[in-house]
Amino acid sequence: MDPTEQPSFWLRAYGPYVPAAHLQGETSVDVAIIGGGYTGLSTAYNLRSDSPALTVAVLEASVVGFGASGRNGGFNMTLFGLEPAVTKALFGQQRTVEAHRYMERAVDYVRDLVTRHNLQSDYEHPGFLRVATTPGFVRRIQHDLEILTQMGISGLEWWDAGRLQSAVRSPLALGAWWEPRCGLLNPAKQARELKRLAIEAGVDVFEHTPVLSIERGPRFTLRTPSGTLSAGHVVFATNAYSHLFPELRARETAAFTHMVVTEPLTPAQQEAVGWAGRQGIEDARNFVHYLRLTADQRIAIGGSDVSLTFGRGMQHDLNPRVFADLERDLVRLFPSLRGIRFADRWGGPVSVPVDMAPAIGFLGDRRAIYSLGCVGHGVSMAHLNGRTIADLILERQTDLTRVWFVGRRMIQWPPEPIRFAAAHAIRGYMRAEDWAYERKLPQAE
Ligand SMILES: Cc1cc2nc3c(=O)[nH]c(=O)nc-3n(C[C@H](O)[C@H](O)[C@H](O)COP(=O)(O)OP(=O)(O)OC[C@H]3O[C@@H](n4cnc5c(N)ncnc54)[C@H](O)[C@@H]3O)c2cc1C
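To convert, take the position in the sequence shown, counting from 1, and add 507; that gives this note's numbering.
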């Protein structure tokens with residue numbers, strides 16, 4: 508396989524992979540799905556499972572999991588958008604609760620799917636720690652916890668420094684919100700297993716099939732380099748790539764988040780960091796650090812800052828400054844890992860609407876549906892969104908299709924270069940806030 512199609516450690520470590528054929532000639536389906544990530548594959552699988560008479564095709568520009576779905580941290584988690592306080596400030600209490608309930612359901616949905624179909628994606632369910640690394644972050648996390656608790660959301664509890672440090676041996680671990688409802692998976696394996704599931708359900712998956720243009724008439728005509736597909740419905744399951752389609756240009760922009768992964772920890776290093784519970788960990792920055800153990804005892808850590816995109820540019824996988832920061836920050840968190848070697852580094856796109864919240868919506872009429880705006884928290888959501896989009900196409904009124912971010916109004920991003928300047932300004936503000944929270948952290952040597 509072309510190495511440029513393995514843009515993450517997870518994809519590179521996967522082993523030999525045989526992509527499906529690309530689309531050739533002229534053909535026709537009931538539903539065409541653009542994008543072979545979790546959203547597209549889950550939509551396709553759900554449609555065919557519920558309605559075997561439907562013909563469904565997934566068209567993926569590269570290979571399944573090439574986008575964020577094959578590159579992410581693998582946290583199957585309940586966080587919606589940026590954080591609860593932001594969602595509440597922008598959308599109000601009722602919608603924050605509704606979003607949280609949707610995300611709880613999404614996490615359970617992924618866990619059940621993996622179990623029911625025995626998906627081989629190294630799934631484990633160790634729970635989640637949102638760790639405060641400064642006194643300011645202690646207050647921020649406790650405030651978020653208070654907001655959620657006052658709204659009647661349960662299943663989250665505060666761990667003080669003593670309790671936390673018996674689980675994770677870091678001098679920066681001052682307290683955490685503990686949430687048992689969180690799993691970890693190998694993202695590339697999950698994407699490939701979803702492809703298997705979709706194909707077994709009767710979906711046609713075409714890889715190396717970029718959709719170049721879409722014409723709308725009584726039916727849609729999707730043009731690709733070697734073939735044309737006529738379809739009754741179109742799903743844009745393209746998340747952070749959505750702005751590349753003229754119809755969706757103003758609804759989101761892409762920012763790249765980056766990750767590094769260590770060599771497997773030695774038994775002495777494992778002993779030094781503790782972390783026997785293997786919880787997924789995030790801190791409370793705006794540009795969070797997220798870190799986890801892999802099945803073979805490496806630490807994968809991501810976040811810290813993002814790379815912004817301009818116009819149609821999507822070549823931001825590699826950012827040496829962010830990689831260096833992540834490697835420094837891991838050692839800050841676990842000084843016992845000083846000198847640890849890093850095995851791989853990569854990045855991937857997350858979808859950012861102006862108001863930092865996801866959306867499922869319609870284009871023109873209800874025959875064209877899009878899903879975007881994960882803001883970096885989309886593993887669980889993308890899977891459940893597939894279920895929701897299938898319900899929409901099957902014209903079912905369900906509690907999923909009634910959720911407020913289906914068909915919501917979106918604030919539009921301005922055109923370039925104002926968009927880039929606006930994204931820079933937002934990033935600058937968020938970084939300044941992180942700096943203010945962290946200025947008393949021990950400095951790197
Ligand atoms: C580094 C990183 C870490 C992350 N960590 C986490 C995490 O730990 N937990 C979490 O909840 N979320 C995380 N996320 C976010 C999460 O990965 C995404 O929200 C989720 O994978 C989105 O899935 P998707 O199917 O909607 O989009 P994608 O997986 O991005 O799929 C879109 C697909 O569309 C294809 N495509 C684009 N244009 C075309 C075209 N013209 N024709 C055909 N195909 C096209 C792309 O090639 C791509 O494969 C992370 C994201 C990144 C980048």
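Note that beta-carbon positions come from the ideal geometry of N, C-alpha and C, so glycine has one too.
Query                                                                                                                                                                                        : Result
Starting from the N-terminal side, write out each stretch of the beta strand (DSSP E) that is 3 residues or longer and does not extend beyond the region 826–893.                            : 849–859, 866–870, 872–879
Which of the three DSSP states, helix, strand or coil, is assigned to ARG766?                                                                                                                : As written in the sequence, residue 766 is Met, which differs from the Arg given in the question. The answer is strand: DSSP assigns MET766 an E or B state.
Taking DSSP as the reference, what is the three-state secondary structure of TYR521?                                                                                                         : coil
Can you confirm whether the region 748–759 touches the region 852–864 when touching is taken to mean that 3 or more C-beta pairs between the two stretches lie within less than 8 angstroms? : yes
Reducing DSSP to helix, strand and coil, say where PHE582 ends up.                                                                                                                           : strand
For MET658 and VAL614, which I take to be in contact (beta-carbon distance under 8 angstroms), what is that distance rounded to the nearest angstrom?                                        : The Cβ separation is near 18 angstroms, so there is no contact.
How is VAL779 classed by DSSP in three states: helix, strand or coil?                                                                                                                        : Looking at the sequence itself, residue 779 is Ala, so the reference to Val does not match. Correct three-state label for ALA779: helix.
I'd like the list of long-range same chain contacts for ASP872, defined as Cβ closer than 7 angstroms, with 5 residues on each side in sequence excluded.                                    : none
Give me the DSSP bridge partner(s) of GLY809.                                                                                                                                                : MET766, TYR797
From GLU923 to THR801, what does the alpha carbon distance come to, in whole angstroms?                                                                                                      : 39 angstroms
So, using beta-carbon positions, are GLY496 and GLN531 closer together than 8 angstroms?                                                                                                     : With the chain covering 508 to 952 only, the question about residue 496 has no answer from this structure.
Is the CB-CB distance between THR731 and THR716 below 8 angstroms?                                                                                                                           : yes
With a 10 Å radius around its C-beta and 16 neighbouring C-beta atoms as the bar for buried, classify GLN513 as buried or exposed.                                                           : buried
For ARG619 and ILE925, I'd like the C-alpha separation in whole angstroms.                                                                                                                   : Contrary to the premise, residue 619 reads as Asp rather than Arg in this sequence. Near 44 angstroms, if we compare the C-alpha coordinates of ILE925 and ASP619.
Residues in its own chain within less than 8 angstroms of ARG555 by CB, not counting five upstream and five downstream?                                                                      : LEU561, VAL563, ALA705, ALA708, GLY709, VAL710
I think MET766 touches ALA807, with their Cβ atoms under 8 angstroms apart; what is that distance to the nearest whole Å?                                                                    : 6 angstroms
Quick one: measure Cβ to Cβ for LEU833 and GLY809, integer angstroms, because I've assumed they're closer than 8 angstroms.                                                                  : 7 angstroms
PHE743: buried (16+ other C-beta within 10 angstroms of its C-beta) or exposed?                                                                                                              : buried
Start and end of the alpha helix (DSSP H) containing ALA568?                                                                                                                                 : Element bounds for ALA568: n/a, residue is neither H nor E.
Residues in the same chain with beta-carbon distance under 7 angstroms from THR908, minus the five sequence neighbours each way, listed in chain order, please.                              : THR895, ASP898, LEU899
May I have the straight-line CA-CA distance separating PHE912 from GLY880, to the nearest angstrom?                                                                                          : 11 angstroms
Spatial neighbours of GLY547 within its chain, please: C-beta separation below 6 angstroms, excluding the five flanking residues on both sides.                                              : ILE540, VAL565, ALA744
Measuring CB to CB, does LEU679 end up less than 8 angstroms from THR640?                                                                                                                    : yes
Confirm the yes/no value for this check: CB of PRO856, any heavy atom of ligand 1, distance under 7 angstroms.                                                                               : yes
Would you tell me roughly how many angstroms separate the C-alpha atoms of THR764 and ARG852, rounded to the nearest one?                                                                    : 11 angstroms
Per DSSP, what are the beta-bridge partners of ILE788 in this structure?                                                                                                                     : LEU636, LEU798
Helix, strand or coil for GLU754 per DSSP?                                                                                                                                                   : helix
Would you mind sorting GLN651 into buried or exposed? The rule is 16 or more other CB atoms within 10 Å of its CB.                                                                           : Gln is not the amino acid found at residue 651; the sequence shown has Asp there. ASP651 comes out buried.
So, for GLU952: in the same chain, excluding its five sequence neighbours on each side, which residues have a beta-carbon less than 7 angstroms away from its beta-carbon?                   : Caution is warranted here: a pLDDT of 45 is assigned to GLU952, below 50, making its placement in the model unreliable, and no coordinate value can be reported.
Can you tell me whether DSSP reads TRP942 as helix, strand or coil?                                                                                                                          : helix
Judging by CA-CA distance, which residue of TRP666, SER843, LEU636 is the nearest neighbour of GLY690?                                                                                       : LEU636
Taking the alpha helix (DSSP H) that GLU631 falls in, what are its first and last residues?                                                                                                  : Unbroken run through GLU631: none, as it is neither H nor E.
Any heavy atom of ligand 3 closer than 7 angstroms to the beta-carbon of MET584?                                                                                                             : The model on display carries ligand 1 but not ligand 3.
Can you tell me whether ASP954 is helix, strand or coil according to DSSP?                                                                                                                   : Coverage of the chain is limited to positions 508 through 952, which leaves residue 954 absent and any answer about it impossible.
Tell me, please, whether the region 587–600 touches the region 811–820 by the rule of three or more beta-carbon pairs shorter than 8 angstroms.                                              : no
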